[in-house]
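Written out below as structure tokens is the structure these notes cover.
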């Protein structure tokens, strides 16, 4: 197996693994956050606006971790720096 | 009609026209388009603006939008919302228009390019010290970086930089990922399912615009209100002291 196919294989594998493992934590975190927020809204419906806004901001913070993983996997697949380097080196 | 291919991560790579070192790519073109739409609609709405009983439909629409934005901001800052409405409202309207216009065939959202989102996040990065200094003065603003003591200075600086990066990547990742998902679904299940995903994409786009605006407001509010919390603490301490004195006077004779 030459260098290029090793890089292609490793890239595909790493991209899948990145998004697979990277989305587990944020999913659990978002589940817990929504659970607590729903419980809080059920207890205090008057505070719904403030709670919903805080929930959205918090969800955005948690979600950004999964988005980082996604962006990295997209970079590995579509804009892989090593790929171009070895194509240039190989001629 | 496909302008940005599935194997291109950013619409910056699609160059429509170039002359010398000036290049016009898809991102810039559609940013101009969105700006033109926003300016045109605002012009249309404020053309014959009136404070009479019967106002035009466009004026109603714009008043509803502005009052919602003002209400959200004044709920967060508790006062003087008008100072932040121009910046936050513009950010929200621009991102929201970009994300909603995705359903028009042939339109590429400028927010699916990391250069657009990075420049928007840089606006927030500059606006935070601007509002902080103009509200509290340079000394009090810089003092916040050394709270609770000077060891925390690098962490505050790192926090500023990393949250700007997070704003950038969050918006870019959401919109770009949605475009890619639609592209892949069109290849796998062509007819109906992509429509459902596009409807979901509208929701995601509006929520992301809301989150961008709210987060930038949170950052600005944290720089502005740091000094006021101090005043509040002093007031609370005075209140407690008064209560203490009151109880001493009232109950000392019992003891």
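Residue numbers (our numbering), protein chains in the order written: chain A, 2 to 92; chain B, 10 to 264.
All residues carry an ideal CB built from backbone N, CA and C; glycine is no exception.
Check: Complete runs of the alpha helix (DSSP H) confined to the region 58–131 of chain B [at least 4 residues]; Outcome: 66–86 and 94–109
Check: Endpoints, the alpha helix (DSSP H) within which residue 158 (chain B) is located; Outcome: Element bounds for residue 158 (chain B): n/a, residue is neither H nor E.
Check: Chain-ordered chain B contacts of residue 71 (chain A) [CB-CB under 7 Å]; Outcome: 182 and 186
Check: Residue 157 (chain B) classed as buried or exposed, judged by whether at least 16 other C-beta atoms fall within 10 angstroms; Outcome: exposed
Check: Interface residues of the region 6–40 of chain A facing chain B [CB-CB below 8 Å]; Outcome: none
Check: Through-space distance from residue 177 (chain B) to residue 127 (chain B), alpha-carbon basis; Outcome: 5 Å
Check: CB contact check: residue 16 (chain B) to chain A, cutoff 9 Å; Outcome: yes
Check: Cα-Cα separation between residue 10 (chain B) and residue 38 (chain B), rounded to whole angstroms; Outcome: The predicted model places residue 10 (chain B) with a pLDDT of 46, which falls under 50 and marks its position as unreliable; any figure quoted below should be read in that light. Cα-Cα distance, rounded: 17 Å.
Check: Test item: CB-CB of residue 221 (chain B) and residue 173 (chain B) under 9 Å; Outcome: no
Check: Residue-chain proximity (residue 10 (chain B), chain A), Cβ-Cβ < 9 Å; Outcome: Note on residue 10 (chain B): pLDDT 46, under 50, position unreliable in the model; no value is reported.
Check: Residue 12 (chain A) beta carbon less than 9 Å from that of residue 182 (chain B); Outcome: no
Check: Exposure label - residue 71 (chain A); buried when at least 16 CB within 10 Å; Outcome: buried
Check: Contact check, residue 100 (chain B) vs residue 225 (chain B), beta carbons under 9 Å; Outcome: yes
Check: Under the three-state DSSP convention, the category residue 24 (chain A) falls into; Outcome: coil
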